[in-house]
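Residue numbers are given in the UniProt record's numbering: position 646 of the sequence shown equals residue 646, and the series is strictly consecutive. Notes follow once the structure below has been shown.
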Amino acid sequence: MSNDPLMQPYRLKHLTLRNRIMTTAHEPAYPEDGMPKDRYRAYHEIRAKAGVALTMTAGSAAVSRNSPPVFNNILAYKDEVVPWIRRLTDACHEHGCAVMIQLTHLGRRTHWAKGDWLSAVSPSHQREAAHRAFPKQLEDWDIARIITDYADAAERMKAGGMDGIELQAYGHLMDQFWSPLTNTLDGPYGGDLDNRLRFTWDVLDAIRARVGDEFIIGIRYTADETLEGGISVAEGLEISRRLADSGKVDFLNVIRGHIDTDAGLTDVIPVQGMASAPHLDFAGTIRRETGMPTFHAARIPDVATARHAVSSGLLDMVGMTRAHMADPMIVQKIIEGREHDIRPCVGANYCLDRIYAAGDALCLHNPATGRELTMPHEVTPASVRKKVVIVGAGPAGVEAARVAAERGHDVTVFEAQPDPGGQIRLTAQSPRRREMIGIIDWRMAQCAARDVVFHFNTYAEAEDVIALNPDVVIIATGGLPHTEVCATGNAYVVSSWDIIAGDVKPGTRVLVYDDAGDHAGLQAAEIIAKSGAHVEIMTPDRSFAPDVMAMNLVPYMRSLQALDTRFTVTYRLHDVEKSGNMLTAVIGTDYSNHLERRDFDQVVVNHGTLPMDELYFELKPQSRNLGALDQDAFVEGRPQPDGPNAEGRFSLYRIGDAVAARNTHAAIYDALRLLKDI
């Protein structure tokens with residue numbers, strides 16, 4: 001048996017978990033009609049097959065109709081969920097992985113205009129900032145019904161083959177009973193701590209009456225809300241002791257903080273640029289004080305941190321949830337002695353931010369996550385070795401090189417810059433976003449292990465490509481900043497990338513006009529503001545930087561709001577005029593004919609990129625497919641056809657921003673779904 005602390009089995013009640021690594025509850029928003037169908041099953045099954053000990057599904061499954069899901073959650077209040085749960089549990093059990101599910105009632109953390117349009121409910125009328133619904137204060141009959149709903153849902157999960165359940169008690173209804181900030185009830189369920197915990201005891205008793213004493217039940221909760229007037233450390237420790245002493249729960253899953261605002265949520269689940277494992281020692285305190293089996297996850301992105309958590313006695317089971325979205329093969333690679341091959345989680349939080357924007361969870365640099373039915377996490381060797389030439393070593397190009405090399409092809413890459421990475425290398429110059437370079441570094445290491453040939457500082461011409469006699473040519477040249485947004489005066493503006501790269505120094509009074517809405521605009525604004533300049537960030541949209549999304553926006557706001565920064569929405573830059581040493585911005589709005597003029601000494605534009613496609617069009621007539629992409633084959637994951645030009649010398653494709661300005665995920669996904677069949 002391995003001496004690795006992470007690979008030691010763990011006994012939880014009657015259940016033996018094969019190692020100490022788990023994925024904690026999270027909702028990837030893959031259910032269909034509220035059911036965990038094939039996509040949901042495949043997502044968890046690949047992790048089970050790779051060796052994770054416990055997969056905690058859902059985040060969270062709704063136990064009641066008046067807890068309508070806001071993230072496309074599993075509907076645990078429907079009987080029809082049972083056979084779908086059974087398929088999921090059977091698939092994971094087949095690979096030796098334990099499966100549990102997190103159950104909840106959202107309380108005020110939802111909205112009445114979802115599901116059946118029932119009012120949100122809570123132990124007070126206090127609205128949650130994040131979801132904005134004013135809840136009904138619970139009556140006695142509401143409470144009785146919800147307790148029964150919990151028991152019904154638990155019984156369904158047991159019938160579906162689950163090894164246990166976890167009750168969600170931070171930010172959701174159960175915690176809303178606990179916290180003095182959200183419980184204004186009188187009588188048996190409000191007031192002192194005994195009364196505020198009564199709902200939890202009643203729920204646990206009702207569940208135990210249905211599922212018996214052997215079925216595993218845990219609870220995920222905050223032992224410190226980090227809010228004045230909320231659950232304090234002292235009260236959180238007391239709650240922890242009472243849970244342990246009750247005999248009603250089998251494990252504790254500890255978090256610290258509150259999730260009712262974007263800022264609070266981001267402190268609970270930190271993003272890149274924030275400390276790794278910030279609550280790990282706190283979770284260890286709970287374990288020490290209670291003696292209970294203790295689980296925890298909060299930005300534990302790497303094996304070394306996870307190993308420390310277990311070997312130091314801080315945790316019994318360590319959650320590596322976002323890390324498994326980046327690489328579901330973590331445990332398999334540990335067992336095989338391939339830790340160096342683990343695709344790193346870079347903390348970009350594209351996964352969670354998409355969920356909170358009503359999307360599905362996708363990993364920024366693993367496009368197979370959530371697409372297990374169509375995309376491979378590890379590609380298979382090709383039957384025929386080909387010569388593949390790639391132009392451009394940004395994220396699309398290096399992913400194309402990696403996949404082609406894994407297929408066994410002879411791969412050559414041309415890159416005009418001295419280093420790989422493209423926009424990501426520039427992005428990573430910001431200290432807070434330096435982890436982004438892991439996207440490139442991991443791929444370069446994979447390419448080095450497979451003898452990919454790189455030619456840096458080389459602006460490839462058509463003859464350079466043709467001289468290699470390629471079978472396949474991939475144009476991944478990216479794009480150049482597009483700044484021509486004004487009717488007049490475009491010559492006076494600079495791009496956000498000019499600022500980020502350091503090619504242009506910040507002015508002292510600067511307008512950052514951002515109608516792309518991605519990281520580059522705010523990143524440039526932050527660089528300028530930190531130089532001591534006054535910055536106005538302007539967008540014609542109703543909100544700024546929508547593609548940055550909620551949790552990634554928090555660090556920007558914390559930085560920018562502490563500096564000399566102004567935010568302006570719903571205004572459009574029309575013209576820029578030279579006025580002596582200053583620039584006059586002519587500013588209008590889509591809502592009226594109003595125009596105003598304001599002076600700045602620098603105008604920065606963030607308006608995406610235009611594709612660098614000259615080489616593509618030069619090579620196009622000589623290609624077998626004339627550059628055409630069969631979109632049906634591309635989308636369905638089938639190989640590309642040969643194309644109509646029998647005299648052509650090679651197949652030609654372009655990917656990423658060489659097609660159109662998109663994002664890193666799109667670029668890498670282009671490369672994977674094209675190259676996996678070449």
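Every residue gets a Cβ at the ideal spot worked out from N, C-alpha and C, and that includes glycine. Only a predicted model underlies this, so the values are computations on that prediction, with no experimental measurement involved.
| query | What do you reckon, are the CB atoms on ALA48 and ALA61 nearer than 8 Å? | reply | no
* Asked: Going by alpha carbons, who is nearest to LEU167 out of LEU265, LEU610, VAL63, GLU225?
  -> VAL63
Determine which residues share a DSSP beta bridge with GLU577 and list them.
-> THR584
**Item:** Own chain partners of ILE499 with C-beta closer than 7 Å, once the 5 adjacent residues on each side are dropped
**Value:** PRO506, ALA524, ILE527, ILE528, VAL604
- In terms of DSSP beta bridges, what is GLN137 paired with? SER122
- Query: Nearest CA to the CA of ASP163: which residue from SER312, ALA393, PRO611, ALA53?
  - Reply: ALA53
Kindly indicate which residue of ILE101, LEU626, THR508 has the alpha-carbon position closest to the one of residue 680. There is no way to answer for residue 680, as the model of the chain reaches only from 1 to 678.
- Straight-line CA distance for LEU553 to ASP547? 9 Å
Item to complete: Check whether the segment 123-135 touches the segment 253-263, counting contact only when three or more Cβ pairs, one atom from each stretch, lie closer than 8 Å.
Response: yes
Just to check my reading of the structure: PHE600 and MET582 have Cβ atoms closer than 8 Å, yes? What is that Cβ distance to the nearest angstrom? 7 Å
My parser needs the beta strand (DSSP E) runs of 3 or more residues fully inside the segment 209-264; what are they? 216-222, 251-255
**Prompt:** At which residues does the alpha helix (DSSP H) containing SER496 begin and terminate?
**Reply:** 496-501
Alpha carbon of TYR356 to alpha carbon of TYR350, nearest angstrom:
10 Å
Indicate the three-state DSSP secondary structure (helix, strand or coil) for THR23 in the structure shown.
strand
- Query: In the structure shown, what three-state DSSP assignment does ARG65 receive?
  - Reply: coil
Q. Alpha carbon to alpha carbon, what distance is there between ALA298 and LYS333?
A. 22 Å
request  = List the endpoints of the continuous alpha helix (DSSP H) containing ALA169.
outcome  = Looking at the DSSP string, ALA169 is not in any alpha helix (DSSP H); the run it does join, the beta strand (DSSP E), is 164-169.
Nearest residue (CA-CA) to HIS365, options VAL379, PHE199, VAL346: VAL346
If contact is defined by three or more beta carbon pairs under 8 Å, each pair taking one atom from either stretch, is the segment 3-11 in contact with the segment 32-42?
no
(message) Contact between the segment 504-523 and the segment 625-643 is defined here as three or more beta-carbon pairs at a separation below 8 Å; is this criterion met?
(response) no
- Task: Determine the contact status of ALA400 and ILE474, defining contact as a CB-CB distance below 8 Å.
- Result: yes
Buried or exposed: which applies to ALA91, given that a residue is buried once 16 or more other Cβ atoms fall within 10 Å of its Cβ?
buried
- Item | Presumed contact (8 Å Cβ cut-off) between ASN73 and PRO31, rounded CB distance | 7 Å
> What residues match up with PHE414 in a beta bridge as DSSP calls it?
Replying inline: VAL391, HIS455
Under 8 Å, do ASN663 and GLN640 count as touching if we go by C-beta distance? no
Return the chain-ordered ranges of every alpha helix (DSSP H) run that is complete within the segment 166-200 and spans a minimum of 4 residues.
-> 173-178
Own chain partners of LEU106 with C-beta closer than 6 Å, once the 5 adjacent residues on each side are dropped: SER67, HIS172
(request) Ignore the nearest five residues each way along the sequence and tell me which others in ARG18's own chain have a CB closer than 7 Å to its CB. (result) PRO9, ALA53, GLY96
Does the segment 439-458 come into contact with the segment 369-380, if we say contact requires no fewer than three beta-carbon pairs (one atom in each stretch) closer than 8 Å?
no
Using a 10 Å radius around the Cβ and a threshold of 16 neighbouring Cβ atoms, would you call THR477 buried or exposed? buried
Under 8 Å, with one C-beta from each stretch per pair, do the segment 306-315 and the segment 452-469 reach the 3-pair mark? no
message = For PRO611 and VAL389, what's the separation of their Cα atoms in angstroms?
response = 19 Å
query: For LEU185, which residues of its own chain have a beta-carbon under 6 Å away from its beta-carbon, when the five flanking residues on both sides are left out?
result: PRO123
Which complete beta strand (DSSP E) runs does the segment 305-343 hold, if anything under 3 residues is left out? 317-319
Proximal residues to ILE342 (C-beta, below 6 Å), its chain only, five neighbours per side dropped: ASP327, ILE330, LYS333
* VAL351 by DSSP, collapsed to three states: which one? -> The question names Val, but residue 351 in the sequence shown is Cys. DSSP places CYS351 in helix when its eight states are reduced to three.
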